[in-house]
Structure formats: structure tokens, C-alpha cells
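S.K.: The letter at position 64 of the sequence shown is residue 208 when you use this note's numbering, and the numbering goes up by one with no holes.
All C-beta atoms in this analysis are idealised placements derived from N, C-alpha and C, irrespective of residue type, glycine included.
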Amino acid sequence: MSLFWRIFALNAVVLGSATALLLWAPVTVSVPVVLTEAVILVGGLAVMLVANAALLRIGLAPLDRLTRLMTTVDLLRPGHRLPEQGSGETAELIRTFNAMLERLEQERAASSARVLLAQESERRRIAQELHDEIGQTMTAVLLSLKRASDEADEPLRGELQQAQEITRGSLDEVRRLVRRLRPGVLDDLGLISALTSLTTEFATHAGLRVVRSFDSDLPPLDQQTELVLYRVAQEALTNAARHADADRVEVSLCRTDGAVTLSITDDGRGTGIAHEGAGIRGMRERALFLGASLDVTTGPQTGTQVRLTIPVPASDSTPTPPPGSSK
Numbered sequence: 145m146s147l148f149w150r151i152f153a154l155n156a157v158v159l160g161s162a163t164a165l166l167l168w169a170p171v172t173v174s175v176p177v178v179l180t181e182a183v184i185l186v187g188g189l190a191v192m193l194v195a196n197a198a199l200l201r202i203g204l205a206p207l208d209r210l211t212r213l214m215t216t217v218d219l220l221r222p223g224h225r226l227p228e229q230g231s232g233e234t235a236e237l238i239r240t241f242n243a244m245l246e247r248l249e250q251e252r253a254a255s256s257a258r259v260l261l262a263q264e265s266e267r268r269r270i271a272q273e274l275h276d277e278i279g280q281t282m283t284a285v286l287l288s289l290k291r292a293s294d295e296a297d298e299p300l301r302g303e304l305q306q307a308q309e310i311t312r313g314s315l316d317e318v319r320r321l322v323r324r325l326r327p328g329v330l331d332d333l334g335l336i337s338a339l340t341s342l343t344t345e346f347a348t349h350a351g352l353r354v355v356r357s358f359d360s361d362l363p364p365l366d367q368q369t370e371l372v373l374y375r376v377a378q379e380a381l382t383n384a385a386r387h388a389d390a391d392r393v394e395v396s397l398c399r400t401d402g403a404v405t406l407s408i409t410d411d412g413r414g415t416g417i418a419h420e421g422a423g424i425r426g427m428r429e430r431a432l433f434l435g436a437s438l439d440v441t442t443g444p445q446t447g448t449q450v451r452l453t454i455p456v457p458a459s460d461s462t463p464t465p466p467p468g469s470s471k
């Protein structure tokens, strides 16, 4: 039954019931209307309106659910669907909306994958140029300053040595930027070593205590999965240093049933609401790229936890004997 005929039938039932009541009920209407008759008529009208409103609410309930889903749907949190029940125009509308969400989520995942791959490619290019061009140039400047400093007399030697120290600090900063743009240790030594290096550098520069816990029986992961885990950990640590006002951060990477879970928890001030800034949205984009789930929980004075769960195919879940765990 279409929505039009459903509403028509509901109103017909209410009006028919009211007509039958007037025909067979022992009630008469005088002219002029007396008070008791007026009370009965007003009461009957109220009952009829309430019944009509209740029936319409039941008939239009699927559209209300569809409207609420439309206002809350987020393509970075896929999987929201309405149950497809019955037939008719309303059920067809729900099925069409669910199919539209499926197409949009697939297109969003594909576009996110292209953007992230292009972003990593651009980061790799910039890191290579910084290393090859800026890094080598600053190294040559540093060597020239050292030779000039060795041959110069005071007070020029002191000034050259000061310039040498400034150049060395700038060179160290360039190298740190190169590591952030493209973690070479991830390609050379693997995920555990890369996360260890990342957390060590973070603790040194941010002045926070970092506690690591990495399982030793992680399943083999492909390059893209390891990169997503590394980038999410990098962004979560950056957020903890900039916004959490924390003293301690826990970083864990563990194996669960059919999945690998990365968790970053700080003891900062929290907010009570997980604010969706650019950093968290970027982490969700990366999770969507792998079909993973990202949960961000925070509460007042209880800190923030970022939890990334990546499903691992059953064929890849056989553990390999890697080095011992890092604590």
C-alpha cells in the first residue's frame, strides 16, 4: 500500500468510526445545544483527533527514523543502515537510501585511498628533496664553517663556531622533519622499531613519559597497514602533546581475535567530548582506507584514548617468531 492510500485508510477508519458512533449511539443534539451534549461532542472530537494522530504517528514512523539517520550519518563512520521491512513506497524509500549510503561509502573509501596515496607520495618526494638538497647543502656549509673556524683568530673564531652550532641545530631539525615526513626506519626495520623510535623521539621533544607495550606475536602486516598504524600513532601523540596537557602516555600494539589493535592513552585533562578536529578526521580517513574502526573516547579529567582496530584476514593470522616484545 502506498503512503497516500495508507494515510487515506487511517483517516477513513477514524471518520468511519466516528460516523458509526453518531448513528448508533443514543445521543441526540438539541437546538440550541445544551451543555451536556456539547461536552459529549467535544469529547468525541478529542478522541477522534487523538486516534488520528496516533495512527498517523505509527504510519509515518519509518520516515521519522529515516530523517534522524539523514541528520546523523557520517561517511567516516560507515555501516549505519535502517532495517528494510515490509513493502510499499516507504520500504522502497528506505532500501534506496541504504543503497545510496552504500555507494557513497564505497566512493568515499576509494577517494580517501587515492588522496592518502597521493599524500604519502608527496611526503616521500618532499622528504627526499629535503634530504638530498637542503641536507647536503647545510652539511657543506657546516664543513666550510668548521674549516674557517679552525683557521680564524679570535674573536672571529667564536662567531664562526656559534654559526656552526646554529647550522648544526638547523640540520638536525631538517633531519627530524624528514623522519616525520617519511619514516625510513619503517621501511628498513619494521613497525615495532619505527614505533619505538617515534615514541622515544616524542618523549625527548615533548617532555612526557611514554610507556610502550608491543606484542611479540603480531601477524604479518602489509606495507600500507603498517604505515596507517604509524601515522595514527604519530597523530595521536601529537594531539596529546599539543592539547591534552598530559604527563604520561601509554602506547600499546596488541594482537586480538582476528585483528590488530593500536591504543594511545594519555592522562591529560580530557574534554568530555571527542572533538572532531582535523587530526581526528585524518585518522578516520586512514582507518576508512583499511576498513578499520577508530574509537576516540575522552572524559573530563580522565584523559583521552585513541583506539584503532584493524581486521586481519584469517590466512594472515598465523604468528611468526619476531623479536621479543618491547616494554
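Please list the segments of the beta strand (DSSP E) lying wholly inside the segment 343 to 419, counting only runs of 3 or more residues, in order along the chain.
M.R.: List check, beta strand (DSSP E) in window: 353 to 358, 392 to 400, 403 to 410.
S.K.: Is there a Cβ of chain C sitting closer than 8 Å to that of Arg209, yes or no?
M.R.: Among the chains in the structure shown there is no chain C, since it carries only a single protein chain.
S.K.: In whole angstroms, give me the CA-to-CA distance for Met214 and Pro227.
M.R.: Taking the first residue of the sequence shown as position 1, residue 214 is located at position 70. Taking the first residue of the sequence shown as position 1, residue 227 is located at position 83. Those two C-alpha atoms are separated by around 14 Å.
S.K.: In the DSSP assignment, the alpha helix (DSSP H) including Arg291 goes from what residue to what residue?
M.R.: Counting from 1 along the sequence shown, the entry for residue 291 is found at position 147. Per DSSP, Arg291 belongs to the alpha helix (DSSP H) from 280 to 295.
S.K.: What distance in whole Å lies between the Cβ atoms of Gly279 and Val318, which are believed to be in contact at a cut-off of 8 Å?
M.R.: Reading the sequence shown from its first residue, position 174 is the one you call residue 318. Reading the sequence shown from its first residue, position 135 is the one you call residue 279. About 6 Å; that satisfies the 8 Å criterion.
S.K.: Hey, quick one: how far does the beta strand (DSSP E) through Thr448 stretch, first residue to last?
M.R.: Position 304 of the sequence shown, counted from the first residue, corresponds to residue 448. Thr448 -> beta strand (DSSP E) spans 447 to 455.
S.K.: Alpha helix (DSSP H) containing Ala422: first to last residue?
M.R.: Walking along the sequence shown from the start, residue 422 turns up at place 278. Segment 422 to 434, the alpha helix (DSSP H) holding Ala422.
S.K.: Pairing CB atoms from the segment 307 to 326 with CB atoms from the segment 355 to 369, are three or more of them under 8 Å?
M.R.: Counting Cβ pairs under 8 Å, fewer than three are found: no touch.
S.K.: Can you give me the C-alpha to C-alpha distance between Ala431 and Glu379, rounded to a whole angstrom?
M.R.: Counting from one through the sequence shown, the residue named residue 431 turns up at place 287. Counting from one through the sequence shown, the residue named residue 379 turns up at place 235. Their Cα atoms are separated by approximately 13 Å.
S.K.: In the structure shown, what three-state DSSP assignment does Leu226 receive?
M.R.: Along the sequence shown, one-based indexing puts residue 226 at 82. The answer is coil: DSSP assigns Leu226 none of H, G, I, E or B.
S.K.: Tell me, which residues are paired with Asp208 by DSSP?
M.R.: Numbered from its first residue, the sequence shown carries residue 208 at position 64. Answer is none; Asp208 lacks a bridge partner.
S.K.: Count the other C-beta atoms from every protein chain shown that fall within 10 angstroms of the C-beta of Met244, then say buried if there are 16 or more, exposed otherwise.
M.R.: Looking up residue 244 in the sequence shown gives position 100. It is exposed - the Cβ of Met244 has fewer than 16 other Cβ atoms within 10 Å.
S.K.: Between which two residues does the alpha helix (DSSP H) holding Gly334 run?
M.R.: For this step, residue 334 is matched to residue 190 along the sequence shown. From DSSP, Gly334 is part of no alpha helix (DSSP H); its letter is neither H nor E.
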